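Heads up: the sequence shown begins at 1 in the UniProt record's numbering, then just goes up one per residue.
Quick reminder that beta carbons are idealized off the backbone N, C-alpha and C, glycines included.
Quick caveat: nothing in here was measured; it's all calculated off a predicted structure.
Have a look at the structure below before the remarks.
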Amino acid sequence: MSSYPHYSSILKLKGIQWPMTIKQIPNFEKQNNMSINAYILKKEKKNYTTLPTFLTKNKKDKHVNLLLVQDKYDEQGPIRYHYVWIKNISRLLSKQLSKRDGTKYFCDACLHYFRSQEKLNVHKTCCIGRSDFVCDRCLQPYASSKQLEAHTNDCERINETAIKMPEETRRMLRFKNFRNKIKAPFAVYADLESALKRTGDPKKHQEHIPVAVGYLFKCSYDNTISFYKSYRGKDCMKWFADELNQLAEKVSTVFMCPYDINMTSQQESDFHATTHCHICEQRFSLDDKKVRDHNHLTPHHNYRCAAHEGCNINYKDAHTIPVVFHNLSGYDAHFIINDIATHIKGPIDLLPITKEKYISFTKHINDAQIKFRFIDSFRFMASSLDKLSSYLTEYPNLRSQYTSLPEENFHLLTKKGIMPYDYIDSFTKFAETSLKPCPRRHYRRAQGIWSSFSCSTLGDYVDLYMKTDILLLADVFEQFRSSCLKTYQLDPAHYFTLPGFTWDAMLKHTKQELELLTDPDMFLFVERGIRGGLSQVCSKRRVHANNKYMVYYDASKPDSYLMYFDVNNQYGWAMSQFLPYGGFEWVDANIDVLSIPDDASEGYFLEVDLAYPQHIHDSHKDLPFCPQSLNPKTMLPPKRPREQTKLMATLHDKERYDLEASASSRIGAQKHSPSPEI
């Protein structure tokens with residue numbers, strides 16, 4: 001600011017710290033009654049791409065677009081940044097996007113694909129390289145200021161990022177993760193235990209300190225390679241990181257020494273008779289090259305089946321080892337991620353929910369070309385380990401560690417153990433030679449385990465508890481993997497969560513191709529119609545029943561009853577209806593939306609205006625049709641401002657309301673009661 005002293009007297013800068021950071025822009029906007037969008041340059045190979053890093057929440061008449069530019073590294077200090085005024089955003093974007101040559105049905109200005117020359121010709125009238133009307137929020141071009149204004153209304157309300165749509169040639173979504181049909185050859189099941197150190201701070205009652213960690217290394221094709229290890233000590237997290245490093249070296253050696261194919265004469269005959277590729281499940285054509293697919297990790301009888309040459313090349317074991325914790329996101333990740341990141345060489349990829357909570361993270365081992373993907377079994381089976389293990393009838397991993405154990409003692413381990421967490425507040429407690437009292441219903445079982453397994457110290461008992469937990473987790477998740485492989489021929493260990501797995505299972509099982517939206521305004525149109533689930537107290541917050549079954553029945557008044565209704569499985573019901581899968585296009589023709597059946601072969605997303613006549617307000621006031629996402633701030637007195645958007649069911653008229661055609665026909669089909677007018 002010292003370089004521009006004149007502006008220090010024009011602009012209001014109360015509370016602004018220099019240099020200006022992105023976080024301070026909202027404060028600057030508020031003080032100066034203006035709006036700002038800030039963009040950055042992201043380097044991709046040798047080129048730079050312009051991306052938004054801050055988008056204003058409320059665009060004002062006085063609006064400025066700024067580019068945040070990074071200086072080169074300075075040997076005598078940190079990286080420096082400065083802001084540059086973007087005078088014409090169209091020219092900036094056109095410059096970055098016009099460096100590649102175009103082809104047929106391909107715009108040489110913005111590099112978007114189109115299905116026909118006619119569509120390309122229409123696009124050229126509003127291409128980003130030829131248009132002065134570009135949305136400074138999502139960076140999409142328009143042919144006129146009127147089109148841009150219509151788009152901006154939705155974009156500012158819904159969108160907070162640049163929109164990058166799929167190219168026309170890649171708009172079809174289909175199952176492609178064929179390598180996930182192979183059961184991951186290796187997996188690690190792990191758990192850690194913590195001491196709960198008392199802090200004396202009423203706001204932070206206890207501090208969790210990791211004291212022990214253990215893991216089961218599981219080989220899917222040779223169980224003799226599987227083993228269990230554990231460690232108890234103050235440096236247990238570093239020990240675990242070192243163990244993973246050693247595992248990576250061993251596994252890397254296995255992958256680097258593949259076995260040649262080994263076939264029987266019968267398998268050779270089967271190969272020549274096979275008509276379909278076992279990977280993509282498509283028939284071999286006369287031009288296809290049929291090859292022999294085999295398991296590279298086993299030496300004998302390792303032929304799998306015939307496959308296309310291209311399918312076979314990509315059908316290989318992923319060098320990614322899943323590391324499975326139960327409740328990784330909610331607990332274990334907080335303790336292990338720092339040591340994993342610092343004690344093992346290689347980058348780490350995060351899949352975050354928040355800054356402190358992760359769905360998963362992946363550690364790359366540079367020297368071994370191996371990746372450890374940490375996943376949470378709770379995101380596949382959302383129940384306690386105690387409940388999940390109670391469903392098992394066999395415990396192969398638990399049994400493999402206790403082969404000679406009497407049945408009555410083994411049975412004690414098939415349920416989750418008892419741990420005196422609140423008592424263990426330091427390492428000194430592990431040296432104690434007796435089990436401390438716990439609730440009566442647990443103490444007898446805990447004492448039985450202590451005696452049956454000859455625990456001499458509390459540390460021995462904790463080690464046994466942790467080992468049992470890990471082996472039960474392995475048995476539960478291995479059974480889950482086997483069931484999924486049998487039913488869907490997909491291994492869930494390759495996925496981050498159950499929704500990701502079931503999505504792929506749907507694509508594979510149905511073989512349905514889904515067309516992706518390539519038009520940004522179609523995308524915003526659909527996004528605008530996604531409102532969430534309605535949850536509210538109806539207008540009558542207190543009601544009284546009056547009938548003969550009540551003590552205070554008043555026969556002089558009409559009989560009335562109270563009934564509670566709860567509609568279950570709404571999401572499941574919606575997913576069972578006819579769903580769109582392709583053929584998306586804008587339609588301007590008049591459509592009789594009230595006559596479209598629910599099972600029509602063609603559906604419509606509609607933008608309608610709804611009138612809510614005054615005479616039907618009383619009959620609809622308990623649960624009005626067509627809820628909207630609204631900001632209550634506009635409906636409340638000035639002294640009660642609210643910034644959050646809420647889903648609200650109101651009796652107001654609706655403009656530009658998006659809904660699916662079958663919903664509009666159901667609204668209009670209320671023959672026995674009045675309904676809104678479309």
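- By the 16-neighbour rule on beta-carbons within 10 angstroms, E356 is exposed.
- It is roughly 33 Å from the alpha-carbon of N262 to the alpha-carbon of E394.
- A direct Cα-Cα distance of roughly 51 Å separates L68 from I596.
- The C-alpha of R531 is placed about 6 Å away from the C-alpha of S629.
- Put simply, the backbone Cα of H205 is about 20 Å away from that of T428.
- Fewer than three Cβ pairs drawn from the region 291-300 and the region 164-175 lie within less than 8 Å of each other, which leaves the two stretches out of contact.
- The closest CA to that of P52, considering only I89, I16, W18, is found on I89.
- Setting aside the 5 residues that flank it on each side, D599 is surrounded in the same chain by F578, each with a C-beta closer than 7 Å to its C-beta; the list follows chain order.
- Only buried fits V323, as 16 or more other CB atoms lie within 10 angstroms of its CB.
- Per DSSP, E268 is one residue of the alpha helix (DSSP H) stretching across 265-273.
- Rounded to whole angstroms, the gap between the alpha carbons of R292 and H319 is 22 Å.
- The way I'd put it, the region 182-197 does touch the region 324-338; three or more beta-carbon pairs between them come closer than 8 Å.
- S252 and Q489 have their C-alpha atoms spaced approximately 26 Å apart.
- Contact check for S230 against K415 fails: the beta carbons are separated by 8 Å or more.
- Three or more beta-carbon pairs drawn from the region 394-409 and the region 468-481 are found closer than 8 Å, and the two stretches are therefore classed as touching.
- Setting aside the 5 residues that flank it on each side, F605 is surrounded in the same chain by F525, V526, G529, D658, E660, each with a C-beta closer than 7 Å to its C-beta; the list follows chain order.
- Looking only at K316, K557, T199, R541, the smallest Cα-Cα distance to S426 is reached by T199.
- Counting the other Cβ atoms within 10 Å of the Cβ of I353 gives fewer than 16, which makes it exposed.
- Membership of G200 in the beta strand (DSSP E) is indicated by the continuous run 186-201.
- Fully enclosed alpha helix (DSSP H) runs of no fewer than 4 residues occupy 520-528, 570-575 of the region 517-580, in order along the chain.
- Close CB contacts of C219 within its chain, under the 7 Å cut and outside five residues either way in sequence, are with P185, F186, I225, S226 (chain order).
- A direct Cα-to-Cα measurement between K146 and F284 gives close to 53 Å.
- S434 counts as exposed, since fewer than 16 other beta carbons sit within 10 angstroms of its beta carbon.
- In the displayed model, F325 falls within a strand according to three-state DSSP.
- Here DSSP, grouped into helix, strand and coil, assigns L630 to strand.
- Inside the region 273-336, DSSP marks whole beta strand (DSSP E) runs of 3 or more residues at positions 290-294, 303-308, 320-325, from first to last along the chain.
- As the crow flies, the alpha-carbon of T518 is around 7 Å from that of R171.
- Restricted to the region 426-503, the alpha helix (DSSP H) segments that are unbroken, complete and at least 4 residues in length are 440-452, 458-488, listed in chain order.
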